[in-house]
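Q:
Protein chains: 2
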Amino acid sequence: MLFSHLASIPRLHSVNLQTKNLTRSLPRVLARRNLHSESLEFSKVAMSTVNKTAHAFDKTRLDALLNRRFFYAPAFEIYGGVAGLYDYGPPGSALQANILAEWRRHFIVEEGMLEVDTTIMTPAPVFETSGHVARFADWMVKDTLNGEVLRADHLVKNVLEARLEGDKEARGVVAAPAAAAPADKKKKKQVKSTAMKLDDAVVAEYESILAQLDNYSGPELGGLMRAHAITNPSSGNPVGEPQQFNLMFASSIGPTGQHPGFLRPETAQGHFLNFSRLLEFNNGRVPFASAQVGRAFRNEISPRAGLLRVREFTMAEIEHFVDPLDKNHTRFAEVADIELVLLDKYVQAAGQSTTKRMTVGNAVKEGVIANETLGYFVARIYEFLLKIGIDKTRLRFRQHMANEMAHYAADCWDAEIQNSVGGWTECVGCADRAAYDLSVHAAKTKQPLVVRQALKEPVVEERAIAEFDKKALGKTFKGDAGVVTGAVEALDEAGLMRLKGELEQGPATIKSDGKEFTLQPGMLTIERKTFKTNVREFTPNVIEPSFGIGRILYCLLEHSFWSREQDVERGVLSLPAVVAPTKVLIVPLSSRAEFDPLVKEVSLRLRKAGVHARVDDSNTSIGKRYARNDELGTPFGVTLDFACASRPEPYDDPPVRLLVPPFAIVAHASKLTNGGAFRRERDTMDQRIGSIDDVIAAVTELVNGSIDWAEACQRLPAYDGVQAID
Amino acid sequence: MLFSHLASIPRLHSVNLQTKNLTRSLPRVLARRNLHSESLEFSKVAMSTVNKTAHAFDKTRLDALLNRRFFYAPAFEIYGGVAGLYDYGPPGSALQANILAEWRRHFIVEEGMLEVDTTIMTPAPVFETSGHVARFADWMVKDTLNGEVLRADHLVKNVLEARLEGDKEARGVVAAPAAAAPADKKKKKQVKSTAMKLDDAVVAEYESILAQLDNYSGPELGGLMRAHAITNPSSGNPVGEPQQFNLMFASSIGPTGQHPGFLRPETAQGHFLNFSRLLEFNNGRVPFASAQVGRAFRNEISPRAGLLRVREFTMAEIEHFVDPLDKNHTRFAEVADIELVLLDKYVQAAGQSTTKRMTVGNAVKEGVIANETLGYFVARIYEFLLKIGIDKTRLRFRQHMANEMAHYAADCWDAEIQNSVGGWTECVGCADRAAYDLSVHAAKTKQPLVVRQALKEPVVEERAIAEFDKKALGKTFKGDAGVVTGAVEALDEAGLMRLKGELEQGPATIKSDGKEFTLQPGMLTIERKTFKTNVREFTPNVIEPSFGIGRILYCLLEHSFWSREQDVERGVLSLPAVVAPTKVLIVPLSSRAEFDPLVKEVSLRLRKAGVHARVDDSNTSIGKRYARNDELGTPFGVTLDFACASRPEPYDDPPVRLLVPPFAIVAHASKLTNGGAFRRERDTMDQRIGSIDDVIAAVTELVNGSIDWAEACQRLPAYDGVQAID
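Residue numbers (this note's numbering), protein chains in the order written: chain X, 6 to 731; chain Y, 6 to 731.
1. From the DSSP secondary-structure annotation, give me the bridge partner or partners of Cys718 of chain Y.
2. By the DSSP assignment, the beta strand (DSSP E) with Gln452 of chain X in it spans what residues?
3. Buried or exposed: Tyr351 of chain Y, going by 16 or more other Cβ atoms within 10 Å of its Cβ?
4. If I'm right that Val455 of chain X touches Glu542 of chain X with Cβ under 8 Å, what's the distance once you round it to whole angstroms?
5. At the 9 Å Cβ level, is Asp601 of chain X part of the contact set with chain Y, yes or no?
6. Look up Ala206 of chain X in the DSSP assignment and give the residues it is bridged to.
7. Leu283 of chain X to Ile83 of chain Y, Cα distance in whole Å?
8. Considering Cα atoms alone, identify which of Y:Phe552, Y:Val700, Y:Lys605 is closest to Ala301 of chain Y.
9. Could you tell me whether any Cβ in chain Y is nearer than 9 Å to the Cβ of Asn634 of chain X?
10. Would a C-beta distance cut-off of 9 Å place His276 of chain Y and Ser256 of chain Y closer than the cut-off?
11. Distance check for Ile712 of chain X and Thr398 of chain X, CA to CA, integer angstroms please.
12. Can you list the residues of chain Y that Phe286 of chain X reaches, using a CB-CB cut of under 8 Å?
13. Would you call Leu721 of chain Y buried or exposed, if buried means 16 or more other Cβ atoms sit within 10 Å of its Cβ?
14. For chain X, check one thing: does any of its Cβ atoms lie closer than 9 Å to the Cβ of Glu271 of chain Y?
15. What is the rounded straight-line gap between the Cα of Arg610 of chain X and the Cα of Leu645 of chain X?
16. So, do the region 71 to 81 of chain Y and the region 119 to 134 of chain X have three or more beta carbon pairs nearer to each other than 8 Å?
17. According to DSSP, which residues form a beta bridge with Val620 of chain Y?
18. Which residues in chain Y sit within 8 Å of Arg807 of chain X, going by Cβ to Cβ distance?
19. For the structure I just gave you, are there three or more beta carbon pairs, one from the region 515 to 532 of chain Y and one from the region 355 to 366 of chain Y, closer than 8 Å?
20. Could you name the residues of chain Y that Gln249 of chain X contacts, counting a contact when the two beta carbons are closer than 8 Å?
21. Mark Val131 of chain X as exposed unless 16 or more other C-beta atoms lie within 10 angstroms of its C-beta, in which case mark it buried.
22. Could you compute how far the alpha carbon of Ala440 of chain Y sits from the alpha carbon of Ala415 of chain Y?
23. Going along the chain, which residues of the region 418 to 447 of chain Y sit with their C-beta nearer than 9 Å to a C-beta in chain X?
24. In chain order, what residues of the same chain have a beta carbon less than 8 Å from the beta carbon of Ala715 of chain X, not counting five sequence neighbours either side?
25. Could you give the first and the last residue of the continuous beta strand (DSSP E) run that contains Asp92 of chain X?
26. Whose C-alpha, out of Y:Asp158, Y:Phe536, Y:Phe267, Y:Ala499, is nearest the C-alpha of Val465 of chain Y?
27. Looking only at its own chain, which residues have a Cβ that is under 8 Å from the Cβ of Asp621 of chain X, when we skip the five neighbours before and after it?
28. Helix, strand or coil for Ser198 of chain Y per DSSP?
29. Assign Ala355 of chain Y to buried or exposed, taking buried as 16 or more other Cβ atoms, counted over all protein chains shown, within 10 Å of its Cβ.
30. Starting from Leu313 of chain Y, trace the alpha helix (DSSP H) both ways and give me its first and last residue.
31. Output the residue ranges of the beta strand (DSSP E) runs that lie fully inside the region 421 to 508 of chain Y and measure 3 residues or longer, sorted by chain position.
32. With H, G and I counted as helix, E and B as strand and the rest as coil, what does DSSP make of Asp172 of chain Y?
33. Counting Cβ pairs closer than 8 Å, one from the region 150 to 164 of chain X and one from the region 101 to 110 of chain Y, do we hit at least three?
34. Between which two residues does the alpha helix (DSSP H) holding Ala139 of chain Y run?
35. Just list the residues that DSSP pairs Val346 of chain X with in beta bridges.
36. Closer than 8 Å, Cβ to Cβ, to anything on chain X: give me those residues from the region 239 to 263 of chain Y, in chain order.
Take a look at the structure:
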């Protein structure tokens, strides 16, 4: 379950803490929705400060780079654009594809998961069962004069907070940093405070309302707006009654208009509905996992957080089906020693955000993480995020608090990645969802979504059972005979034994469907009998790691971005080779035609080795060409040089098939390190020299990750800067 | 533009031929729609006959296999299913993913295309411009009593054809096979004929109506229904007036309900709207191509052809942007010798379906294919389809006939793949769409979607230009001054020179917006001046290869399916290794725990080599396990055997890390050949033996395609069948 929570800086936590009673008895859809929107404005301010001082991160420069090099851009831009819809250009698409390819290797291939690809268009009954039709909604109000739409809870919150701030100003109290956060001037919807003193009782009332904001229903929010004269701050106009706005995109399937459908807001239901087929594919055995990468849609009311809050997005979800009585994991030992940064529910419940470092093994042993399977996936998520280049100092796992989770869930951890837009942003959710999903669909469809397991020892039990004289029943009750037998069969052990006792005394009555029926002793007999069962039948539990690919991708871009000291204008994206859109830049030193066969040869051989290379044979200087590809995050460059006659040794390839003999090839690495350290150090810009064969072999292995740069350096001598003659 | 045409057996062609005048002046959306639906029933019968005799193909067995092994299944099955929506299970997903991976390698990587990933949800104005809102529609009628929905043209056609057939029966004429085709008894909608003689004049009228069926508008179809007393055949009830049913799924973006949106019915618009960004990414130069893989949606009225006609599907589309004055292709020579089976428009126009074999080079030289770029892509499509396993004897390229194409298109070829459901089915379209798409979006948005090319020689031209005395104009015309200047500037060379002459005589008048304005001589001067242009500006043309992945996947499954003689019940899918869902089956000879480390070792090493393997350690016989994986199309098997002490030679791996020393590994290939031949011959079921290292190396190279089985046999000695002892 993704996107249940966006930020968790201290102030927000204290809010969360006090406002979550409502979610207790609701399914995932509400639990997910109630927190995620209000947090952006707080975290934005707090985090951009952190970044500027700690990382000298310049969001404006990054945005300019991403836009200029078409990583992504607002969709339908030439038509004026649509909020919350983005198109990925070539580098963004390739980056996304590489992240997904690594996701498939890391999870599906490595764990032997069963991949599925289910439809986006979904008939309404499915989401009625799952709870989305009723509850995947936000409350909104309309400005009664200009029609502007506002989220009801945000409106109350923003207006009351502004009034409290105005009160503080009037009292001459300096606002604490956390309380001052809402005053972010860039935020269009932000309500400006005016210095005006409030009665102490009013202040207390406002504070109480704010503390339990998520507890109010739509009508209650409407009542608050009337009671406290809350109007649309941007127009001063009154607003109407709160109405529920379902966040699923609705459509209609087929030509009659009688079959409503929705675009899925998550891929999960497609796994659950195919459970029986998947179980059979896995020879009837659990545990197993299904996995799916695909689009999902959420019709956000007013999305304004770039890739962090969009209306159409790519998700990658895993549903790991497991025996509820055995949540150990066979490969847990492989990850037990991984140390994570954890923010557990007890710390948060105490209003704090102090994280602790802990191995996964200890976290499970001490009960911090509920079970081995959940711990295993938390650790695997951590490994995956690090592998693709997320800075581990800006990654933590936050546990959902008791009231934050759906009532059926056993435990839930979010991988939160720090960024300048959303602060600590949930990018992966990892929940133990117990048996909820399969149970509701099974109940609705009457299909048994269960595992049947042969028992080594049969289970023997004695229980009461009723046997009916169907003829007698039919004669007496006619069409109601079925209702009567149903009513008897619905009785539990004690009820049956009571009825047996009554019937031994004479006629007995039983109620069903509001009617009362009189049973005669001869109509049925009730006896305790012995039953032997060889099969155990159970609904498996679901552990669900759920990845928001766009969010991860955006955070990765932030973590990878820096500028060289001597050229602040040009940014560098230090993306790891495994996800970099282009792996190798091929740069011929001159655009003269003699280079063409050599360029072709190197391109072809890299392509055959499965390495995605790109030629830059433009007329600009070699430095500019390197810089341009730094922006694209290209980790390696191969320069095609005129040979230096004084160093014949490495060039023992037969030069006959090349038009520029003798030749030289220079490899340079613009990105070597990974993780948190690279922002402080400059890239090495190391250059190495070798024959075509040697350089291609080294580059291929560098890209595949089978050698690192140090090993490459041992194979190829350093290039000493003696340039070839043109 | 995909899915414009589904089948082209002779009878259908003659129908097509006569009924396509309507499409001349309409954009792609109508040209595509008007043919594709009526062909299924004909081709189904004709082709299943062909298959049964020529290939002993059993569709029922294939369907059972695909369902049992969960290649794909109706979506929402436990909720009763929805027509035209399918979910892919693990083998289907993997097969699709592998086809797409090869597509990316073959097209995007090999050609250096720019991949994009654009949104599915699209605001209405985009499809208003493209023509989809107005014309991406079918005419339907409703049964006035029971509400059943029927496609209007199908209804007229089915009823009149049934009457003609009844007439023939009454006249004692034996129906020709083609004419008998509609009597497919399985087809629910098929209208049964009743022997009843018609007047000769009525027969002639019906035949004339049927011949031009695609020419009728909705109201005309309604007129025909009234004139000929056509009712709903399944109920006998009258039907209402034909109404247009747009095939796009509609929704609404944002909370106000004021922004209608559609789910894209193709991915193409996303390429066109991003053209300027892509051009810039490519340093302003054409030719270049963008490519995209993604979902598209069409709300078909009543889809009933399995994966060939669905409401949600995966497409892969390329838009190759090219200079309209130079459609040569630099790599054309590489494909010129490829021989294709072509069905050109002249043959079809003559009512025939005789194909001819021709090299792409000759086809372009002789003007059969319009230009090199189009020919290049046709050839590359051919190579791709063969590479993934399409039988080349069941693949042809059919040219669109003059009337079948949109008026702006230059040429269009469909890759048609023969199968038992749709006959010759369009699976890939390859069209030269000229400048249509970019032009309409540029006109609508006022964004210049053009290429600017520096000219080597500047172009010098002399032309008349008007210069205005703006003050004088403003004084006289006030707010209309802009209208007046606009009217003058809209004049062509001759008009300007005429106005110049008039003004030399005195005041002149000019009309605009229904008003007349009197221009005084002092208000403007008109002079011929010399202009020098250094830049050529043009709208590039688009060559569009467009792939329906689900259709290709289904045809591939048909072409790969066969049964061994000795076990007809169990099918085999001879999928090439490049697309096979699982590459290697690992079969330990016993499920005893001693095998576990060996199984783990082999699995791990194959995984590290990037080879997707699957372990089958169930308790069934080894033959059953092989058979089970034949059904999944697994091309290679590695059997983990107890070693045979009498053959120590190949086993020189240090056995220390294995728990079952000495050991043997047997490789067997269940699929070696490709293309059309395999159905006639049994798989070799060859077995080879070697050390772990040697077998893994050989299997890896077999899967990568760098060696074939013959080469593998040279490396590994044959296994002589001496089984190890358990």
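Just so you know, even glycine gets a beta-carbon here, dropped at the ideal spot from N, CA and C.
Given the structure is predicted, the values throughout are model-derived calculations rather than measurements.
A: Well, looking at it:
1. Here the question's residue 718 of chain Y lines up with position 713 in the second sequence. Answer is none; Cys718 of chain Y lacks a bridge partner.
2. To locate residue 452 of chain X, count along the first sequence from 1; it is residue 447. Counting along the chain, Gln452 of chain X falls outside any beta strand (DSSP E), and DSSP gives it neither H nor E.
3. For the purposes of this step, residue 351 of chain Y is identified with residue 346 of the second sequence, where counting begins at 1. Answer is exposed; the Cβ neighbour count stays below 16.
4. The residue given as residue 455 of chain X occupies position 450 in the first sequence. The residue given as residue 542 of chain X occupies position 537 in the first sequence. 5 Å between Cβ atoms; contact.
5. The count along the first sequence starts at 1 and reaches residue 601 of chain X at position 596. No, Asp601 of chain X does not count as interfacial toward chain Y.
6. As a working note, residue 206 of chain X is residue 201 in the first sequence. In DSSP, Ala206 of chain X forms no bridge with anything.
7. The residue you call residue 283 of chain X lines up with position 278 of the first sequence. The residue you call residue 83 of chain Y lines up with position 78 of the second sequence. Taking the straight line joining both Cα atoms gives about 13 Å.
8. Mapped onto the second sequence, residue 301 of chain Y falls at position 296. It is Y:Phe552.
9. Looking up residue 634 of chain X in the first sequence gives position 629. So, not an interface residue.
10. Stepping through the second sequence from its first residue, residue 276 of chain Y is reached at position 271. Stepping through the second sequence from its first residue, residue 256 of chain Y is reached at position 251. No. Outside cutoff.
11. Against the first sequence, residue 398 of chain X aligns to sequence position 393. Against the first sequence, residue 712 of chain X aligns to sequence position 707. Approximately 25 Å, taken between the alpha carbons.
12. For the purposes of this step, residue 286 of chain X is taken as residue 281 along the first sequence, with counting starting at 1. What Phe286 of chain X touches in chain Y: Arg74, Phe75, Gly94, Pro95.
13. The residue labelled residue 721 of chain Y in the question sits at position 716 within the second sequence. Buried, because 16 or more other Cβ atoms sit within 10 Å of the Cβ of Leu721 of chain Y.
14. What you label residue 271 of chain Y is simply residue 266 of the second sequence in a count that begins at 1. By this cut-off, Glu271 of chain Y is not an interface position.
15. Residue numbering aside, residue 610 of chain X sits at position 605 when the first sequence is read from its first letter. Residue numbering aside, residue 645 of chain X sits at position 640 when the first sequence is read from its first letter. Taking the straight line from one Cα to the other gives about 14 Å.
16. yes
17. For the purposes of this step, residue 620 of chain Y is taken as residue 615 along the second sequence, with counting starting at 1. In DSSP, Val620 of chain Y forms a bridge with Y:Ile591.
18. A question about residue 807 of chain X goes unanswered here, because the residues of chain X that appear run from 6 up to 731.
19. no
20. One-based indexing of the first sequence puts residue 249 of chain X at position 244. Under the 8 Å cutoff, chain Y gives no residues; its nearest Cβ is about 11 Å from Gln249 of chain X.
21. Start at 1 with the first residue of the first sequence, and residue 131 of chain X comes out as number 126. So Val131 of chain X counts as buried.
22. Numbered from 1 along the second sequence, position 435 holds the residue referred to as residue 440 of chain Y. Numbered from 1 along the second sequence, position 410 holds the residue referred to as residue 415 of chain Y. Ala440 of chain Y and Ala415 of chain Y: Cα-Cα distance of roughly 10 Å.
23. His446, Ala447
24. Position 710 of the first sequence, counted from the start, is the residue given in the question as residue 715 of chain X. Correct list: empty, nothing qualifies.
25. Taking the first sequence and counting its residues from 1, one reaches residue 92 of chain X at position 87. Element bounds for Asp92 of chain X: 91 to 93.
26. The residue you call residue 465 of chain Y lines up with position 460 of the second sequence. Among Y:Asp158, Y:Phe536, Y:Phe267, Y:Ala499, the Cα nearest to that of Val465 of chain Y is on Y:Phe536.
27. As a position in the first sequence, residue 621 of chain X is number 616, starting the count at 1. Same-chain partners within the cutoff: Leu590, Ile591, Val592, Arg630, Arg633, Asn634.
28. Reading the second sequence from its first residue, position 193 is the one you call residue 198 of chain Y. Note: Ser198 of chain Y maps to coil in three-state DSSP.
29. Residue mapping note: residue 355 of chain Y aligns to position 350 of the second sequence, counting from 1. Under this definition Ala355 of chain Y is an exposed residue.
30. As a working note, residue 313 of chain Y is residue 308 in the second sequence. Careful: Leu313 of chain Y lies outside any alpha helix (DSSP H) and carries neither H nor E.
31. 428 to 437, 456 to 473
32. Start at 1 with the first residue of the second sequence, and residue 172 of chain Y comes out as number 167. Three-state DSSP puts Asp172 of chain Y in a helix.
33. no
34. What you label residue 139 of chain Y is simply residue 134 of the second sequence in a count that begins at 1. Ala139 of chain Y -> alpha helix (DSSP H) spans 137 to 140.
35. For the purposes of this step, residue 346 of chain X is taken as residue 341 along the first sequence, with counting starting at 1. Val346 of chain X is bridged to X:Arg362.
36. Phe250, Phe254, Ala255, Ser256, Ser257, Ile258, Gly259, Pro260, Thr261
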